[in-house]
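S.K.: Numbering (the numbering used here), first residue to last: 34 to 551.
Using N, Cα and C, we set each Cβ at its ideal position, and we do this for glycine too.
Before I ask anything, here is the structure I am working with.
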């Protein structure tokens with residue numbers, strides 16, 4: 034409305050009230066504008082962060098392209114990424130994309146939107162239907178009366194047989210009797226999960242396949258407790274067998290877990306221990322054990338490996354140092370380093386094209402893995418001989434180069450950081466040259482962790498530390514069965530049946546996957 038069209042009151046008090054109202058409206062608009070400006074500033078910061086993440090992910094993708102499709106000089110074929118390393122990189126990309134999506138959704142207020150629950154759809158028509166009719170018992174006095182079907186309750190639950198899904202259709206007819214007042218119907222069958230869709234067989238399949246998203250882990254914990262089936266002793270025994278090995282791998286990874294009652298996630302950790310004597314011709318069974326903890330402190334690994342005095346092969350995490358055997362001491366572990374972690378730091382600089390030293394280092398390291406491939410499965414003495422002939426000179430030359438170049442570099446530069454990482458762990462990195470039981474890297478335990486990192490989002494459904502421990506327990510048993518080339522479903526079924534029937538703890542060795550017989 035223009036000024037001439039605006040009707041102003043003649044009364045002074047009314048005019049004052051109008052002015053005050055307009056001032057309040059203007060103040061409200063200014064406050065809203067300030068809120069919008071603050072929100073826009075927040076969105077700009079979020080976009081900037083997202084752009085930085087995207088740039089990081091783009092650099093990783095370009096690294097992969099150069100590694101697989103670049104020219105020979107770009108690829109440094111003999112030092113190309115392994116399949117395991119490719120998998121880890123793609124996992125990092127997936128995690129980064131998910132983080133960007135979550136950040137953008139939160140910035141847009143998506144986290145505050147409550148979505149209506151989706152209506153349950155019927156199962157696909159092509160799935161086999163197995164009908165189960167549960168008849169009620171005939172009430173006393175109705176034996177001679179005619180039974181009339183007046184209706185029924187029908188429920189469908191998704192079931193599975195190996196490699197074949199089916200639907201269990203349970204019918205519970207309702208009857209009335211002529212001359213008798215009342216309606217009868219059989220009670221609904223008991224279910225492990227009240228009102229749940231999956232059958233017990235499907236739950237077992239999900240556990241074996243490690244698809245925990247179909248069933249919250251705290252429910253699995255309750256199921257085992259209710260059925261008085263204790264599988265924790267199996268994992269305790271597996272860890273004891275790991276500590277009997279001459280060499281053990283160790284690593285840890287984050288595990289986001291939902292804190293009960295808070296609606297928020299907390300950071301827990303999955304500690305992983307692997308025994309695999311096959312690379313040096315050992316006869317011990319391959320075993321992997323996972324331990325769920327709230328902490329990444331050294332106290333956790335000290336507790337897990339209490340009493341172990343062999344070789345512990347790890348990355349450069351300082352928590353493992355507290356277990357290291359002091360000079361001329363009899364107790365403690367001997368730490369062995371991981372050359373893959375050293376190489377990774379230089380490789381990132383190499384693919385970015387930012388360091389000649391890094392590129393030369395990556396090329397110089399490549400023959401180390403070629404030698405290891407040639408001696409895998411040989412006895413320790415043969416492995417040491419080959420390493421002394423081929424790898425010792427390479428290792429010596431690498432450390433000589435790093436010691437020479439470090440004083441010439443800026444102390445805060447990435448190449449200097451990578452060199453200090455290697456020099457600070459020299460003793461642990463050189464141990465593989467004199468001991469054939471030690472591997473060049475700790476990729477063995479990284480391969481054991483990878484299946485859990487793929488599904489670690491499902492740990493949010495644990496809902497409790499007990500659920501996290503249950504997940505670690507199940508993962509331990511299934512991963513160990515897989516390492517021993519045993520069908521996890523068949524082994525777990527047989528083992529749970531034996532435990533439920535009172536298998537003695539004194540013969541727990543016979544239950545382990547490496548002793549499985551049909």
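Tell me the DSSP secondary structure of residue 379 in three-state form.
M.R.: Residue 379: helix per DSSP, three-state reduction.
S.K.: Taking its Cβ as the centre, do 16 or more other Cβ atoms sit within 10 Å of residue 285, making it buried, or is it exposed?
M.R.: The residue is buried, with at least 16 neighbouring Cβ atoms inside 10 Å.
S.K.: Leaving out five residues before and five after residue 200 in sequence, what residues of the same chain have Cβ atoms less than 8 Å from its Cβ?
M.R.: So the list reads 156, 160, 161, 162, 163, 189, 190, 191 and 192, once near-sequence residues are dropped.
S.K.: Under the DSSP definition of a beta bridge, which residues are partnered with residue 540?
M.R.: Paired residue(s): none; residue 540 is not in a bridge.
S.K.: Assuming residue 321 contacts residue 512 under a Cβ cut-off of 8 Å, what Cβ separation, rounded to an integer in Å, is found between them?
M.R.: With a Cβ gap of about 5 Å, residue 321 and residue 512 count as contacting.
S.K.: By how many angstroms is the C-alpha of residue 317 removed from the C-alpha of residue 515?
M.R.: Approximately 15 Å between the Cα atoms of the pair.
S.K.: Thinking just about the alpha-carbon of each residue, which of 502, 170, 271 and 378 is nearest to the one in residue 451?
M.R.: Closest by alpha carbon: 378.
S.K.: For the alpha helix (DSSP H) containing residue 177, list its first residue and its last residue.
M.R.: From DSSP, residue 177 is part of no alpha helix (DSSP H); its letter is neither H nor E.
S.K.: Could you give the first and the last residue of the continuous beta strand (DSSP E) run that contains residue 217?
M.R.: Residues 216 to 218.
S.K.: Can you find the residues in the same chain that come closer than 8 Å, C-beta to C-beta, to residue 196, ignoring five residues on each side of it along the sequence?
M.R.: Because the pLDDT at residue 196 is just 48, under 50, the model does not fix this residue reliably, and the point stays unresolved.
S.K.: For residue 77 and residue 88, what's the separation of their Cα atoms in angstroms?
M.R.: Their Cα atoms are separated by approximately 16 Å.
S.K.: For my contact list, residue 412 and residue 313 are in at a C-beta cut-off of 8 Å; report their separation, rounded to the angstrom.
M.R.: Confirmed, about 7 Å.
S.K.: Please report the residue range of the beta strand (DSSP E) in which residue 344 lies.
M.R.: Note, residue 344: beta strand (DSSP E), 344 to 346.
S.K.: Measuring CB to CB, does residue 442 end up less than 8 Å from residue 398?
M.R.: Going by C-beta atoms, residue 442 is not nearer than 8 Å to residue 398.
S.K.: Less than 8 Å between the beta carbons of residue 370 and residue 462, yes or no?
M.R.: Contact flag set, yes.
S.K.: Please confirm if the region 385 to 401 is in contact with the region 475 to 485, defined as three or more CB-CB distances below 8 Å between the two stretches.
M.R.: In short, these stretches do not touch, since the Cβ pair count stays below three.
S.K.: Considering Cα atoms alone, identify which of 61, 435, 539 and 521 is closest to residue 551.
M.R.: Considering only alpha carbons, the answer is 521.
S.K.: Apply the 10 Å Cβ neighbour rule to residue 109 and answer buried if 16 or more other Cβ atoms are within range, or exposed otherwise.
M.R.: Model confidence at residue 109 stands at a pLDDT of 48, short of 50, so the residue's coordinates are unreliable; what they give is reported in the following sentence. Counting Cβ neighbours within 10 Å, residue 109 comes out buried, since at least 16 surround it.
S.K.: Exposed or buried, what is residue 213 when buried is set at 16 or more other beta-carbons lying within 10 Å of its beta-carbon?
M.R.: By the 10 Å Cβ count, residue 213 comes out exposed.
S.K.: Can you tell me which of the three DSSP states residue 32 falls into?
M.R.: Given a span of 34 to 551 for the chain in the structure shown, any question on residue 32 remains unanswerable.
S.K.: Residues in its own chain within less than 8 Å of residue 172 by CB, not counting five upstream and five downstream?
M.R.: Taken in chain order, the residues that qualify are 210, 213, 215 and 217.
S.K.: Whose C-alpha, out of 270, 165 and 170, is nearest the C-alpha of residue 540?
M.R.: Of the candidates 270, 165 and 170, the one whose C-alpha sits nearest the C-alpha of residue 540 is 270.
S.K.: For a quick check, are the C-beta atoms of residue 543 and residue 469 less than 8 Å apart?
M.R.: Taking 8 Å as the Cβ cut-off, residue 543 and residue 469 do not qualify as a contacting pair.
S.K.: Compare the Cα-Cα distances from residue 166 to each of 289, 184, 307 and 174 and report the closest residue.
M.R.: For residue 166, the nearest C-alpha among the options comes from 184.
S.K.: Distance, Cα to Cα, residue 206 vs residue 504?
M.R.: Taking the straight line joining both Cα atoms gives about 40 Å.
S.K.: Can you tell me where the beta strand (DSSP E) with residue 336 in it begins and where it stops?
M.R.: Residue 336 -> not in any beta strand (DSSP E); alpha helix (DSSP H) instead, spanning 331 to 337.
S.K.: For residue 476, tell me which candidate among 305, 528, 453 and 538 has the shortest Cα-Cα distance.
M.R.: The candidate whose alpha carbon is nearest that of residue 476 is 305.
S.K.: For residue 268, which of 508, 527, 536 and 523 has the nearest alpha-carbon?
M.R.: The shortest C-alpha separation from residue 268 is found at 508.
S.K.: Mapping DSSP to helix, strand and coil, what is residue 188?
M.R.: Strand, per DSSP.
S.K.: Buried or exposed: where does residue 546 fall if 16 or more other Cβ atoms within 10 Å of its Cβ makes it buried?
M.R.: Per the 10 Å Cβ criterion, buried.
S.K.: So is residue 44 buried or exposed if we call it buried at 16+ other beta carbons inside 10 Å?
M.R.: Exposed: under 16 other Cβ atoms inside 10 Å.
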